[in-house]
Amino acid sequence: MAVARSGYLKKRLLKLQVGFLLTEGPGNSKEVPISLPQRVQVDSDLFLESLAGGLILTRTKEGILIQGNLHVMHARECDRCLEAFNHGFVLSIAELFASPPDANISAFSVDSNGEIDLAPLLREEVLIEESYRTFCREDCRGLSAQTGINLNYEREATAAEAMRLEDGAAIDPRLAVLKQLLK
Ligand SMILES: [Zn+2]
């Protein structure tokens with residue numbers, strides 16, 4: 016697979032050749048497995064950690080209909096504790112790629128090489144998904160309102176501890192966990 020020097024898969028892997036289906040009549044379809052088990056670029060500012068699933072491509076009178084489920088892993092920040100984590104979700108895809116291009120039918124189209132590019136569609140779908148609040152885990156305890164400590168690492172500091180922390184003795188909450196262990 017085309018791996019860029021910086022260690023991610025290139026965006027062109029998100030292009031599917033569908034020319035063969037265009038030459039077949041409406042109603043013909045083909046199942047295409049999608050398996051990108053490592054970081055892949057979707058746009059200049061969007062990467063996915065992995066992408067897997069299957070798409071059914073169907074030739075219709077207006078172009079190529081793609082349908083299926085894609086399992087996506089996307090690195091993002093927890094909306095409660097602000098830690099980075101891999102957010103996994105399933106995108107249900109059902110989109111027509113017009114051929115010839117026709118903006119009245121679809122914003123997406125088969126290009127002149129007989130290819131469809133999943134990147135713009137993925138970008139749109141992923142940004143919608145990421146606009147919802149998401150947590151690193153269901154029981155994420157978030158940050159302490161008093162000290163800002165990540166409560167997933169440490170139980171809420173008592174008022175006295177919090178005072179001490181604010182006194183300038185503040186240490187990284189993760190180091191505080193280590194300190195506890197050393198006692
Ligand atoms: Zn969290």
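Quick note: our numbering has the sequence shown finishing at residue 198, numbered continuously throughout. In this text, a Cβ means the ideal position worked out from N, Cα and C, and glycines have one as well.
Taken atom to atom, the span from the alpha-carbon of R74 to that of P135 is near 20 Å. Here the residues close to ligand 1, judged by CB distance below 6 Å to any of its heavy atoms, are C93, R95, C96, E98, F150, C151, C155 in chain order.
Taking C-alpha positions only, R91 is separated from N101 by approximately 6 Å. Annotation: G103 to V87 spans about 6 Å, alpha carbon to alpha carbon. For V33, there is no enclosing beta strand (DSSP E), since its DSSP letter is neither H nor E.
In terms of CA proximity to N128, G34 leads the group V55, L28, G34.
Of the candidates L70, I108, G68, I164, I108 places its Cα closest to the Cα of E139. When secondary structure is reduced to three states using DSSP, R91 falls in the strand class. Nearest neighbour of G69 by Cα position, chosen from L36, V105, R54, turns out to be V105. Burial check for I143: the Cβ neighbour count within 10 Å stays below 16, so the residue is exposed. Checking the DSSP bridge columns, you'll see S124 partnered with A113.
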